[in-house]
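Note that the sequence shown ends on residue 452 in the working numbering; no numbers are left out.
Virtual Cβ for every residue (Gly too), placed ideally from N, Cα, C.
All values reported here derive from a predicted model rather than from experimental measurement.
Taking it in order: structure first as structure tokens, then the write-up.
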Amino acid sequence: MSSPIGSSHSQSQGNQQWGGRYSAGPSAIMEAINASIGFDRKMWRQDIRGSLAHAAMLRHVGIISADDEAAIQEGLKAIGEEIEGGSFPFSEALEDIHMNIEARLTERIGEAGKRLHTARSRNDQVALDIRLWVRDAIDGIDGQIADLMRALTDRADEHAATVMPGFTHLQPAQPTTLGHHLLAYVEMLGRDRSRLGDCRARMNESPLGSAALCGTGFPIDRHMTAVALGFDRPTRNSLDGVASRDFALEFLSALSICATHLSRFAEEIVLWTNPYFGFVALSDAYTTGSSIMPQKRNPDAAELVRAKVGRISGSLLGLLTVMKGLPLTYGKDMQEDKEGIFDAAESIALALAATAGMVRDMKPDGARLREAAGAGFSTATDLADWLVRELRLPFRDAHHVTGRLVAKAEARGVDLPGLSLEEMQEEEPRIHSGVFGVLSVEASVASRTSYGGTAPVNVRRMAAEWRERLA
Ligand code: ARG
């Protein structure tokens, strides 16, 4: 019988309990489960930034000498260059990015390197680094969302009067315009930015100086490091400073919502590019062919954007589960925050780039959209509204008359404007030829001038407003 990790044969050479690939014994297993350098090296810039601020503060309050600070500065700068150039000797035995950099610093500058960790712990160091990383990520993602919003706004303005079917239940409901539809996503994305902005504002406190958990007896200046690192203030409670990751949960939650929005749009692209819809076409830049079916053009980019929300919201749920029930303060469990955060940030960045690309690439088929907009008796509501306005019918009665007219049109195989006046008068004798003025899709969309409504004049105005806001 084989164990989950290795076969019983290897047990004699390796560890008695585990064997298998961990033949070097329990310390190798410990190193493998403990090390985070494989992924937290992504935070090297943040780690160096934090250490520079910490060293400057240590010198400022007299804990280290000016010479030590200068040596630390130079050493960290050189290490940054090593990492960037790919020559840094990353070591799994040194566990994480913090110890890798610190060990290398001491290797390079000696004594002074060993003083850097005064009045600091890896607990506040990692809390700082991941906060800085998330904050940087928010700024990058925010810029990308803004770019997507600009792309959508440009296309919306261009297609302010391009009629298309509006759906509820994915059934034809009322005619709308492509511009209005695209601006709906601009609104959603605007709230996504606002959520990320709230998250950023709330998380913008520095945990550095919380030390291991209880603060320190050294006369450190936490306000100084907070300001140097662009924070509004230091965190107020050292236990909270090292124990809390709710900023990361909030970040992942905002990303999950944004990814959900992207997923809805991606699904629409998948539908719209399907030949049965034929609403828009994507170029080769965002589609792939099939290895066996030569006629195919698959919307892979849209499908992957549709899917990315799975891993992004998975990261949120993962971290929620890691943090649930975790006693104060730091627990190594929290090392499990990073991969989900990194993956979610990278995934949303890719999804945003692909979506912006598709928005700029897509070619709407105006004639097909126009045809589809008129199908399914989509101006039935306009007819009912006309009966209310012109004939003073109560809306419920107008709804019934319209229903009978739709049934009649359906039976004759025509759309609503295809019924003759006589046919309409059979259902309601007071109907006059003025009714035909409201039955076209163009008239329908043009009439919807209520604030936030679908009328092309509204769409143009909104697009202009957004353009100004996004400039
Ligand atoms: N690699 C660790 C993490 O990501 C750093 C903090 C380790 N602190 C400790 N006391 N072991 O959480």
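Between which two residues does the beta strand (DSSP E) carrying residue i extend?
i	result
valine 144	144 to 149
proline 153	152 to 158
In angstroms with no decimal places, state the Cα-to-Cα distance between residue i and residue j.
i	j	result
methionine 11	glutamate 73	11 Å
threonine 360	glutamate 407	20 Å
lysine 277	asparagine 255	10 Å
glutamate 423	leucine 164	19 Å
aspartate 396	threonine 157	17 Å
aspartate 346	alanine 127	26 Å
histidine -10	alanine 16	For histidine -10, the pLDDT reaches just 39, beneath the cut-off of 50, and the residue's location in the model is therefore unreliable, although a value from the coordinates is still provided. Straight-line Cα distance between these residues: approximately 28 Å.
valine 303	arginine 287	26 Å
isoleucine 64	phenylalanine 148	53 Å
tyrosine 432	glutamate 248	28 Å
leucine 57	isoleucine 29	6 Å
lysine 23	glutamate 327	12 Å
leucine 109	arginine 116	10 Å
leucine 194	methionine 130	42 Å
asparagine 81	glycine 306	31 Å
serine 8	isoleucine 14	10 Å
arginine 112	glutamate 76	20 Å
glutamate 404	valine 419	17 Å
isoleucine 238	serine 244	10 Å
serine 46	serine 32	15 Å
glutamate 88	isoleucine 60	11 Å
proline 410	leucine 402	9 Å
methionine 274	threonine 430	46 Å
valine 144	glutamate 62	56 Å
serine 271	leucine 86	53 Å
isoleucine -14	glutamate 317	For isoleucine -14, the predicted model reports a pLDDT of 42, less than 50, meaning its position is unreliable and no value from the coordinates is stated.
alanine 209	methionine 184	16 Å
serine 175	leucine 309	31 Å
proline 70	glycine 124	34 Å
Quick one: what's got a C-beta closer than 8 Å to residue i's C-beta in the same chain, skipping five residues either side?
i	result
phenylalanine 20	Lys319, Glu320 and Phe323
valine 251	Pro280, Ala283, Glu284 and Arg287
leucine 133	Leu163, Leu164, Tyr166, Val167, Leu170 and Val340
proline 437	Ala141, Ala142, Thr158, Gly160, Val426 and Ala427
alanine 445	Asp138
Look up residue i in the DSSP assignment and say whether it is helix, strand or coil.
i	result
arginine 442	helix
isoleucine 428	The sequence given here places serine at residue 428; isoleucine does not occur at that position. Note: serine 428 maps to helix in three-state DSSP.
serine 276	With the sequence shown as reference, residue 276 is identified as glutamine, and serine is not the correct amino acid for it. Correct three-state label for glutamine 276: coil.
arginine 373	coil
arginine 411	coil
proline 345	strand
proline 398	helix
serine 175	helix
serine 8	helix
serine 187	strand
threonine 336	helix
proline 200	coil
tyrosine 311	coil
serine 294	helix
leucine 97	coil
threonine 206	helix
alanine 74	helix
lysine 58	helix
leucine 420	coil
serine 328	helix
Can you list, in chain order, the residues of its chain whose CB lies under 6 Å from that of residue i, leaving out five sequence neighbours each side?
i	result
glutamate 50	Ala36 and Arg40
phenylalanine 232	Val115 and Cys180
alanine 335	Ala282 and Val286
arginine 103	His79
What span of residues does the alpha helix (DSSP H) with residue i cover, start to end?
i	result
phenylalanine 69	First-last for phenylalanine 69: undefined, no H or E at that position.
glutamine 27	25 to 41
alanine 16	Run containing alanine 16: none; DSSP gives neither H nor E here.
asparagine 81	78 to 90
leucine 109	103 to 139
Whose C-beta lies closer than 7 Å to the C-beta of residue i among residues of the same chain, with five residues either side of it excluded?
i	result
proline 200	Val42
lysine 344	Val261 and Ala262
aspartate 105	Pro188, Leu189, Gly190, Ser191, Ala192, Gly222 and Val223
aspartate 202	Met38, His41 and Val42
arginine 441	Asp138 and Ala141
arginine 349	Gly259 and Phe260
serine 219	Ser191, Ala192, Leu194, Cys195 and Gly196
When you measure from the CB of residue i to every non-hydrogen atom of ligand 2, does any distance come out below 7 Å?
i	result
tyrosine 311	Only ligand 1 can be found as ligands here, which leaves ligand 2 out of the picture.
Quiz item: For the stretch 210 to 290, which segments carrying the alpha helix (DSSP H) assignment without a break, of at least 4 residues, lie completely within its bounds, in sequence order?
Solution: Along the stretch 210 to 290, the alpha helix (DSSP H) occurs as fully enclosed runs of 4 or more residues at 219 to 224 and 227 to 254, listed in sequence order.
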